[in-house]
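Participant: According to this note's numbering, the sequence shown is numbered sequentially starting from 192.
Ideal Cβ positions, reconstructed from N, Cα and C, are used throughout, including at glycine.
The model shown is predicted, which means the values in this text are computed figures rather than measured ones.
Submitted below is the structure of interest, expressed as structure tokens.
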Amino acid sequence: MRITETPNFYRLTINPSNEFTNFKTVQISDGMIVTGRREGRLEIQSMLFSKEIHNMNSVRIRAFYYKNMFINA
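See the structure below:
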């Protein structure tokens, strides 16, 4: 898991994109989740959070929250 910066977003990459197919972007209340199929299962590939709202620590906390919500759904 790594965090990279774009001009407007923090991008948290959870899994490498080359392991995924059928990407979809889902808008959430404070960011975006990029999902895809990996080994037949729908999983999170990465998450993007606005720099206007978040800092690095809040990105880690929000990602943990959303990843757990996604797994439990």
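1) Just how far apart, CA to CA, sit Phe261 and Arg202?
2) With DSSP as the reference, please indicate the residues paired to Phe214 in a beta bridge.
3) Does Met192 come out as helix, strand or coil in the three-state DSSP assignment?
4) Run through DSSP, which three-state label would Ser220 get?
5) Could you tell me if the beta carbon of Thr204 falls within a distance shorter than 8 Å of some heavy atom in the ligand COA?
Facilitator: On the basis of the coordinates in this document:
1) 17 Å
2) In DSSP, Phe214 forms no bridge with anything.
3) coil
4) coil
5) Here there are no bound small molecules, and the ligand COA is not part of this structure.
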